[in-house]
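Following: one structure in structure tokens, then a few remarks.
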Amino acid sequence: MEANRTAAEKKKKQQKTTDNTPAPQDAILVKGARIHNLKDVTVSFPRNRFIVVTGVSGSGKSSLTIDTLFAEGQRRYAESLSAYARQFMSRMAKPDVDYIKGLCPAIAIEQKVITRTPRSTVGSMTEIYDYLRLLFARVGKTISPVSGREVKKDDVTDVVNAIVNLPEGYRVVILVSFKQHANRDVREELNILLQKGFSRMYLRHPGEAGEPLRIEDLLEMDEKELMAKLAGAKAPKGKTAKAKNTALPLYLLIDRIVIKPFEEDDQHRLSDSINTAFYEGEGEVYVEVNGTEMVHFSNKFELDDMTFEEPVPNLFSFNNPYGACPTCEGFGQVLGIDEELVIPDRRLSVYEGAVAPWKGEKLGWWRDQFVKGARLIDFPIHKPIADLSAEQYKLLWSGKSNVYGIRDFFKEVEQNLYKVQYRVLLSRYRGRTSCPDCEGSRLRKEALYIKVGGKHIGELCNWQVRDLKAWFAALDLTEHEQQIAKRILLEVNQRLQTLIDVGLGYLTLSRLANSLSGGESQRIQLTRSLGSNLTNSLYILDEPSIGLHSRDTERLIAVLKQLRELGNTVVVVEHDDMMMRQADHIIDMGPLASHLGGEVVAVGNYDELTANPKSLTGRYLKGELKIEPPKSVRKWKQSIVVEGARQNNLKDITVEFPLNVLCVVTGVSGSGKTTLVKQILYPALKKMKGEPADKVGFHKAITGATDTISQIELVDQNPIGKSSRSNPVTYIKAYDDIRELYAKQPMSKVRGFQPKHFSFNVDGGRCDACKGEGEQVVEMQFLADVHLTCEVCGGKKFKEEVLEVTYKDKSIYDVLEMSVDESLEFFKDEKSISKAIQPLQDVGLGYIKLGQSSDTLSGGEAQRVKLASFLGKGKAQGQILFIFDEPTTGLHFHDIKKLLASFQALIEQGHSLLVIEHNTDVIKCADWLIDLGPEAGDAGGTLVFAGVPQELKKVKASHTGKFL
């Protein structure tokens, strides 16, 4: 009866999840949310659905999902912990909401690079590396680097099996070598063995049959007789047994057995004897078979006079002192000779002077001797360094026989460090370099002797994820090994497949976590969440499609649906139309941003959204409103050319970047866009202008109209200021005019206030208690710092008398709290101020507060504040080349339209724009398009197309063309 009822309930539940209109009671209901700009919002999120929350930037999407749903989920989780655990967590404030019903455990996966430590890698973040450690510890084979043979150790079972499997009737003697310890003679040793309970020794000369001897009989002999017996009657005259003879052909007899069908008791007796033998023989046992053959067993992990470490998971951990390489302490890098400083230009050959220190009258000798000896070691001195094989490159560094390489040169330099000129010379070539001992694998060399399928763990971590997946698919294990590794391989393969599905197949497991972009970091967290197989949870993702090509977005949607199939509710804050088409339920926030938003405009599926005339998103999806490509593309006359780019995965490509137009670089994630633009073009142009820049990626040359550009600006998604004090209004230089305005007010003149009194960065008008921060930080010694609102000014940053100065009934604090849209209305009579603030609205940031702390702005918002600051400067700057890295991050269709208008304004001012982008609206509006690919990683790095967007559709190899 009970079973029938549960089956009926299960069926009912299944019907509920497949039906598109979930029952209201089976939903998460948010009632009366008022956080930030939300206007008393009541909305329900159907459970076990894939839900997209959309709307223009600043309409309240994140306030509803992250600041309300997730914050309450986290708070409830924290409240459920014990009082002891809660004391270590900062008290979580309850979100401003009437109530939330039906909330399940919440996990937020945000757009943040979650780790800054150089120890964290893609492998450790996804937990794949932990499974690999387990795999190598369980089925890894230790291979001797000397002979290439497998290192094995014997245990009691191995010896028992060897004996039991012998033919019936065979005679077996179990022996251990007789060991004579220092300062003891033979007689003493025999006495000790007798006391231990042993009764017989075994004398066996090579090639002769063995002879058992009673220990008591041996002890009754005099010295000469004993030695003569042991030496086989060949003892020299006058020798006494005191003389230490370590090579005595004498063994201790442990047991004698005749092979017959073994009973259980016989097996036990045999095991005990072998156990004793291993103990007495200090890990080594001999078994004599039929008086002729001697078989040796050892339980030591040794071979080729080397002792090896036994595989345990910690041996493969670079975060553990037991497994970490002692030279680099598990970081993979040390301070040493930087190869890139020694050979700065890889286009040159050794003959042409590629090795920088080998120059001048004295040090040029090293180059001359290498050139003369090159024929002896078969080294091509006229070949550019970049074209050398790995073997030839190694020769250049290590040398051979009497030809000295670069390492020999630096050894001599180190020997002469007492001379100041040598110390200066060495300092010139020092830098971070790959650890010479572990070659960047971070592990001690003993761990690299252990292999699975012929590869050590360091090699696997340097492969791209998709190559690793293929290697695991072809991995050949014995039946026994498969049983051991079955569960581990299942977990590893599942995680590798998810990484490929979310478009990260081009990463390596050894890639540092702090070198990933926000989008990559978020998708790695998604892989980890899928691997943990949680059910009945609420996942909230903040724009997971950022940095993804449309081809990879399709795969990402499949992964999110997989998360839903596990029985989870997946809420995605997103603007991507592909995501919306596939969503089960859409919540459209709006109608506009900031104080004009904060309401739910439309809910329902894709068709219901497009049918709703109030929904701005729906109108764009339907095509009623759209971003029109320009009527005609701009023609260009001048360009900058990058020749022979070969950094990372770029395959010796030459790319032309036109000036005075909107040039867009696109291609699938990992195809080489960032390498080409941010690692080669940008730093190379900066260096040409004599400005400091990072290392320039490997290329032949940069030619073209480089002298027509006055400066190069990289507008990326890094924060606009390093401190919490920096904010949009100070960054665009509008705050100076506002302070001037307040200093002119009658009350200011009476009190003698100057513009500096309205600054929260200098003493004078700011609150003395919090120094204009608005909050005070209490340092907790062992816990996270606690931020408390300043009790003196109540968080208003200024002194009471400064706040009494008003303009149109608003104090300086009220102005900082205004949104950009509100402030434009407020300052409409002050032309200089409204003109300075206007660009913020033009780039779609009308909803942010003027005084909003820079560390609360998203990457996309920070990027657009930078764009606004340039728009505000007008034409007086000369010709600038702007490089934008995915500026549509976090933008709704409506805001992209504004952004493109800002781009056109910059070009009209005479500047040039280079944009790295996947958004099809931006791509189709480009004047010139550069498409890299065709795939990611090794399969990318070639120039697929360069030309006007309309022509791209004809290129079959281009993934971008398919989505245009």
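Residue 1220 in my numbering sits at position 931 of the sequence shown; the count goes up by one each step and never skips.
Cβ coordinates follow ideal geometry from the N, Cα and C atoms, glycine included.
Pick out whichever of the options has its Cα sitting closest to the Cα of residue i.
i, options, result
"VAL950", "LEU539, CYS1214, LEU492, CYS750", "CYS1214"
"GLY1161", "VAL1132, GLY1083, ASP1144", "VAL1132"
"ARG323", "SER409, SER352, ARG338, ILE829", "SER352"
"ASN937", "ASN1050, VAL966, LEU515", "VAL966"
"ILE1172", "LEU515, LEU1156, LEU785", "LEU1156"
"LYS328", "GLN376, SER883, GLY720", "SER883"
"VAL1259", "PRO384, ARG427, ILE340, SER369", "With the chain running from 290 to 1253 in the structure shown, residue 1259 is simply not present."
"TYR596", "VAL435, PHE607, GLU1206, SER1191", "Note on identity: in this sequence residue 596 is Thr, with Tyr being the wrong assignment. The residue with the shortest Cα to Cα distance from THR596 is VAL435."
"GLN1006", "ARG755, SER1147, GLU680", "SER1147"
"GLY720", "GLU569, ASP627, LEU1195", "ASP627"
"TYR420", "ARG755, PHE761, PRO1223, GLU980", "PHE761"
"VAL930", "GLU650, ILE991, GLU618", "ILE991"
"ASP511", "PHE487, VAL475, GLY499", "VAL475"
"THR997", "GLU980, VAL944, LYS1117, GLY1167", "GLY1167"
"GLY344", "ARG784, LEU910, LEU737", "LEU910"
"GLY391", "GLY362, SER413, TYR418", "GLY362"
"VAL584", "SER466, ASP554, GLU629", "SER466"
"VAL1081", "CYS1056, TYR1096, ARG1153, LEU318", "CYS1056"
"ARG1014", "GLN1000, ARG1040, LYS1060", "LYS1060"
How would you label residue i, buried or exposed, when you count the other beta carbons within 10 angstroms and need 16 or more for buried?
i, result
"ASP1184", "buried"
"HIS745", "buried"
"THR842", "buried"
"PRO456", "exposed"
"GLU863", "buried"
"ALA1190", "exposed"
"ILE481", "exposed"
"ALA471", "exposed"
"LEU1105", "buried"
"GLU1089", "exposed"
"GLU1240", "exposed"
"GLN556", "exposed"
"ALA613", "buried"
"ASN609", "exposed"
"ALA763", "exposed"
"ALA1246", "exposed"
How many whole angstroms separate the CB atoms of residue i and residue j, which I take to be in contact at a CB cut-off of 8 angstroms?
i, j, result
"LEU827", "ALA395", "4 angstroms"
"ILE666", "ALA643", "In fact, because the Cβ distance is near 17 angstroms, the residues do not count as touching under 8 angstroms."
"GLU1175", "ILE835", "7 angstroms"
"TYR795", "GLY1226", "3 angstroms"
"PHE1049", "LYS1086", "5 angstroms"
"GLN814", "SER723", "Between SER723 and GLN814 the Cβ distance is about 28 angstroms, and since that is not below 8 angstroms, they are no contact."
"SER921", "LEU948", "Rounded, the Cβ-Cβ distance is 18 angstroms, inconsistent with contact."
"ASP886", "GLY347", "Per the sequence presented here, residue 886 reads as Gly, with Asp not at that position. That belief holds up - the Cβ atoms of GLY886 and GLY347 are roughly 6 angstroms apart, short of 8 angstroms."
"TYR491", "LEU542", "4 angstroms"
"LYS989", "PRO972", "Wrong, their Cβ atoms sit about 15 angstroms apart, outside the cutoff."
Taking 8 angstroms as the CB-CB cut-off, is residue i touching chain C?
i, result
"GLY619", "Absent here is chain C; the protein component of the structure consists of one chain."
Does the structure place the region 869-877 close enough to the region 327-346 that three or more beta carbon pairs sit under 8 angstroms?
yes
If we require 3 or more residues per run, which beta strand (DSSP E) segments fall completely within the region 922-996? 928-934, 942-947, 951-955, 990-993
Discussion item. With three or more beta-carbon pairs closer than 8 angstroms as the criterion, would you say the region 757-776 touches the region 433-447?
Written reply: By the C-beta criterion, the region 757-776 is judged not to be in contact with the region 433-447, since fewer than 3 inter-stretch pairs fall below 8 angstroms.
message: Suppose only complete runs of 4+ residues qualify. What are the alpha helix (DSSP H) ranges in the region 1054-1135, listed by chain order?
response: 1089-1092, 1101-1106, 1109-1115, 1120-1131
* To do: Would you check if the region 774-785 and the region 805-813 touch, i.e. whether three or more CB-CB distances between them fall below 8 angstroms?
  => No contact exists between the region 805-813 and the region 774-785.
*Are there three or more Cβ pairs, one per stretch, closer than 8 angstroms when the region 658-668 is compared with the region 713-730?*
no
Next item on the list: Decide if the region 944-963 is in contact with the region 888-907; the criterion is three or more beta carbon pairs, one per stretch, under 8 angstroms apart.
Entry: no
Next on the checklist: What ranges does the alpha helix (DSSP H) occupy inside the region 748-811, keeping only unbroken runs of at least 4 residues that lie completely in it?
Outcome noted: Whole alpha helix (DSSP H) segments, 4+ residues: 754-762, 768-790.
Practice task
Return the chain-ordered ranges of every beta strand (DSSP E) run that is complete within the region 446-512 and spans a minimum of 3 residues.
Solution key: 460-466, 489-492, 500-503
>> Pairs of beta-carbons, one from the region 547-566 and one from the region 493-512, closer than 8 angstroms: are there three or more?
In response: no
Entirely within the region 608-634 and at least 4 residues each: give me those alpha helix (DSSP H) ranges in chain order. 628-631
Problem - Touching by the beta-carbon criterion (3+ pairs, under 8 angstroms), the region 1028-1038 and the region 1126-1143 - result: no
**Message:** For a minimum of 3 consecutive residues, which ranges assigned as the beta strand (DSSP E) are wholly contained in the region 362-402?
**Reply:** 388-390, 395-398
- Task: Pair every Cβ in the region 448-465 with every Cβ in the region 563-577, then say whether three or more of these pairs are closer than 8 angstroms.
- Result: Two segments are said to touch when three or more pairs of C-beta atoms, one from each, lie closer than 8 angstroms; by this definition the region 448-465 touches the region 563-577.
> Do the region 787-801 and the region 844-864 touch if we need at least three Cβ pairs shorter than 8 angstroms?
Replying inline: By the criterion of at least three beta-carbon pairs nearer than 8 angstroms, the region 787-801 is in contact with the region 844-864.
- request: Counting only runs of 4+ residues fully inside the region 1013-1041, write out the alpha helix (DSSP H) ranges in chain order.
  value: 1017-1020, 1024-1032, 1035-1040
Within the region 851-890, note down every full alpha helix (DSSP H) run reaching 4 residues or more, in order along the chain. 866-871
>> I want to know whether the region 593-607 touches the region 410-430 - three or more CB-CB distances under 8 angstroms.
In response: yes
Check your understanding: Between the region 1113-1128 and the region 1016-1026, are three or more C-beta pairs nearer than 8 angstroms?
Key -> yes
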